[in-house]
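Here's the structure we're looking at; comments come further down.
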Amino acid sequence: MARTLRFERHTLPFRTDFTIAGTRCLIATNSHQILSAAANWKPAATCPDGATFEMEVIVDPSMDADPDRSTHFRGLRHLVFAFLPPRSFVTYDLRRKRVHALLSSAAATDHAFWNALLLPITIGVLGTTIGVAPLHCACLERDGAGVLVAGVSGAGKSTLSAALAQRGFAFISDDWTYLSVSPSGLTAHGLSAPLKLLPDTVRFFPQLRNFSPRRSLNGEMAYELDPGGSFACRVKAATAPRHLFFLERARTSGSSVVPCSPRFVRDFFESSGERLADELTDAKAFRSEVIRTLSTYPCWTLNSGESPEVTAGALDDFLREMHHAA
Amino acid sequence: MRHEDRPTYRDPLDLLRRFVPTPLKARYRVGTLPVLVETNDFSLLPAFPLETDAENRGAPALEWKLIRDPDAQDTMQSPKVLKTPSLTMIEMGPSCLVGIDHERRELLGFIGANVDAGTYREFVLPFLCLVTRNEFSTDESATALSGKKEGILDRSEP
Chain W
1 MARTLRFERH TLPFRTDFTI AGTRCLIATN SHQILSAAAN WKPAATCPDG
51 ATFEMEVIVD PSMDADPDRS THFRGLRHLV FAFLPPRSFV TYDLRRKRVH
101 ALLSSAAATD HAFWNALLLP ITIGVLGTTI GVAPLHCACL ERDGAGVLVA
151 GVSGAGKSTL SAALAQRGFA FISDDWTYLS VSPSGLTAHG LSAPLKLLPD
201 TVRFFPQLRN FSPRRSLNGE MAYELDPGGS FACRVKAATA PRHLFFLERA
251 RTSGSSVVPC SPRFVRDFFE SSGERLADEL TDAKAFRSEV IRTLSTYPCW
301 TLNSGESPEV TAGALDDFLR EMHHAA
Chain D
1001 MRHEDRPTYR DPLDLLRRFV PTPLKARYRV GTLPVLVETN DFSLLPAFPL
1051 ETDAENRGAP ALEWKLIRDP DAQDTMQSPK VLKTPSLTMI EMGPSCLVGI
1101 DHERRELLGF IGANVDAGTY REFVLPFLCL VTRNEFSTDE SATALSGKKE
1151 GILDRSEP
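Here is the structure:
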């Protein structure tokens, strides 16, 4: 027996808006609980110029009886489907910049679900259609200047980010950074996603012994920590990126920093980004423009065979010398 | 071809499976409504009569794109239909995910590995036909369709 749920004005009487990654989200829901989750984000009035997207949310207690599933994503053309634990189903319409979510009661009241899962995934999926390009890199800030750290999976971006944060860098993101364009240049946003460290990094960060690894979104076991809470580092929502580093692991000890070309930057990000649907031509063009702009920023390859702590020190020293030279 | 014999699609930059090749294409006649079905699996092609009229080889009125998803191995759940003014989404768990865009006249879906040919033929396809017919019943093509009682969608209903 099919059950029909209608996303219509009269079924979604509660309304609010908030900003996320420089965009404005208009939200309509049947549940006042959602309004308190949305209150964690800045009021939309602080972001008058950002692009807008709509999110319609039905909280459906009958979802609580559905099987508990891990995350599952599929997409065709402009439509994307996502099952998100606990027991929720979300669809994205990239043409119309709309999100429709069917949430279990457990998800609706779980701020971690909103802040660490639903909203980051929403910006990850919709981003390029609303002026925010998700790029696979970490982002920190030192002396007001944003530092992006890119590298292939397994290069150690998260571990280096954690080490840099422990040296006093402000933490914005450790895995995905969301870049928007403003007249003054690029802005890099983080989305309060948890800092993710693999179990073997406990040898570098003894405080991890107080926590337990758990299965993360991509299925691997990892510590997922609130960077500002349990990891006790300074967290910022956004920064203006000024430097870009590509992290490479070396087999031998020592660290080196060498400049790399704009072409390398473009090739890396163009070839590592998610393939976008053919009909999303504006989104593709926007992402390419962000990458092209980023490629004009000072960029280096950081090759290191040292521990995250020593590598972070080398990067810190390099930036300090640059700062003095400037 | 058994599901386990199918080559697995892997593209690290296409985690959503947007670009799964759909080399199988066939045109059907649904009343007066020409429908193009694209899929990666013969068993997902409807058991409808094919469109054979050369005069009706223009743009299809409706396009279905159905992907057999060998990585979705759950059993199907009771259907949930999410309706918005522009879209209808059907969710039966990861094994059956379908979106219908009313404006673009597209039906896009993933059918999991455990949905066998019988279940697809006896339950999923008739359900999709029913929803499709309901969604397009007010427009011109479907009006024509409803005038033909022996339309394929009608015959496919459970």
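Chains W and D supply the protein sequences, listed in that same order.
In terms of this note's numbering, the first sequence has 3 at position 3, counting the first letter as 1, and numbering is strictly consecutive.
To convert, count from 1 in the second sequence and add 1000; that's this note's numbering.
Each residue gets a CB set at the ideal place from its N, CA and C atoms; glycine is no exception.
| query | result |
| --- | --- |
| Run through chain W and tell me which residues come within less than 8 Å of D/Arg1018, C-beta to C-beta. | Gly75, Leu76, Arg77, Arg275 and Ala277 |
| Taking 9 Å as the CB-CB cut-off, is W/Arg3 touching chain D? | yes |
| Between which two residues does the beta strand (DSSP E) holding W/Cys137 run? | Cys137 to Arg142 |
| What span of residues does the alpha helix (DSSP H) with W/Lys284 cover, start to end? | Thr281 to Ser295 |
| Drop a sphere of 10 angstroms on the beta-carbon of D/Pro1085, count the other beta-carbons inside from all chains shown, and report buried for 16 or more, exposed for fewer. | exposed |
| Name the chain W residues that come within less than 9 Å of D/Gln1077, Cβ to Cβ? | Asp66 and Pro67 |
| Our contact map puts W/Leu148 next to W/Thr187 with C-beta atoms below 8 Å; I'd like the distance itself, whole angstroms only. | Their Cβ separation, rounded to whole angstroms, is 12 Å, which puts W/Leu148 and W/Thr187 out of contact at 8 Å. |
| Note down, in chain order, each residue of its chain lying with its Cβ closer than 8 Å to the Cβ of D/Asp1074, except the 5 sequence neighbours on either side. | Gly1093, Pro1094, Ser1095, Gly1112 and Asn1114 |
| Give me the DSSP bridge partner(s) of W/Glu248. | W/Asn303 |
| Using a Cβ-Cβ cutoff of less than 6 Å, which residues in the same chain neighbour W/Ala238 once the five nearest sequence positions on both sides are dropped? | Thr187 and His189 |
| Measuring alpha carbon to alpha carbon, tell me which of W/Leu276, W/Thr201, W/Asp282 and W/Ser295 ends up nearest D/Leu1013. | W/Leu276 |
| How about D/Arg1104: is its C-beta nearer than 9 Å to some C-beta of chain W? | yes |
| Between the stretch 20 to 35 of chain W and the stretch 51 to 63 of chain W, do three or more beta carbon pairs fall short of 8 Å? | yes |
| For the ligand SAM, is there a heavy atom less than 8 Å away from the beta-carbon of W/Ala237? | Among the ligands in the structure shown, none appear at all, so the ligand SAM cannot be discussed. |
| Going by beta carbon distance, what residues of the same chain come within less than 6 Å of W/His243, once the five residues before and after it are set aside? | Val147 and Pro298 |
| For a test of the three-state rule: what should DSSP assign to W/Asp200, helix, strand or coil? | helix |
| Could you name the residues of chain W that D/Leu1087 contacts, counting a contact when the two beta carbons are closer than 8 Å? | Leu79, Thr91, Asp93 and His100 |
| Strictly under 9 Å for the Cβ-Cβ distance: is D/Lys1065 near chain W by that measure? | yes |
| From D/Ala1117 to D/Leu1044, what does the alpha carbon distance come to, in whole angstroms? | 8 Å |
| Rounded to whole angstroms, what's the CA-CA distance from W/Arg95 to W/His78? Just pull it up for me. | 6 Å |
| Are the stretch 1007 to 1027 of chain D and the stretch 311 to 324 of chain W touching by the rule of at least three beta carbon pairs closer than 8 Å? | no |
| Would W/Lys157 and W/Ala133 be called neighbours here (beta carbons separated by less than 9 Å)? | no |
| Check each candidate in W/Leu247, W/Pro308 and W/Ser36 and name the one with the smallest Cα separation from W/Asp200. | W/Pro308 |
| Helix, strand or coil: which one does DSSP assign to W/Ile20? | strand |
| What do you get for D/Lys1025, buried or exposed, if any count of 16 or more other CB atoms within 10 angstroms of its CB means buried? | exposed |
| Quick check on W/Ser271: buried or exposed, where buried means 16 or more other Cβ atoms within 10 Å of its Cβ? | exposed |
| Starting from W/Gly88, follow its DSSP beta bridges and name the residues at the other end. | For clarity, residue 88 of chain W is Ser in the given sequence; the question names Gly instead. The partner list for W/Ser88 (beta bridge, DSSP) reads W/Leu84. |
| State the start and end residues of the unbroken beta strand (DSSP E) segment that holds D/Cys1129. | Here D/Cys1129 belongs to no beta strand (DSSP E); instead the alpha helix (DSSP H) covers Leu1125 to Glu1135. |
| DSSP three-state call for D/Leu1013: helix, strand or coil? | coil |
| DSSP three-state label for W/Asp175, please. | coil |
| Which term fits D/Ser1078, buried or exposed, when burial requires 16 or more other beta carbons within 10 angstroms of its beta carbon? | exposed |
| Is any beta-carbon of chain D found at less than 9 Å from that of W/Ser304? | no |
| Of the residues W/Glu248, W/Gly229, W/Pro67 and W/Gly22, which one's Cα is nearest the Cα of W/Leu119? | W/Gly22 |
| Between which residues of its own chain and W/Val290 is the CB-CB distance below 6 Å, once the five residues before and five after are set aside? | Ala133 and Leu179 |
| Out of curiosity, what's the CA-to-CA distance linking W/Thr159 and W/Phe14? | 41 Å |
| Where W/Phe145 and W/Phe268 are concerned, what is the direct C-alpha to C-alpha distance, given to the nearest angstrom? | Contrary to the premise, residue 145 of chain W reads as Ala rather than Phe in this sequence. Distance between the alpha carbons of W/Ala145 and W/Phe268 is about 22 Å. |
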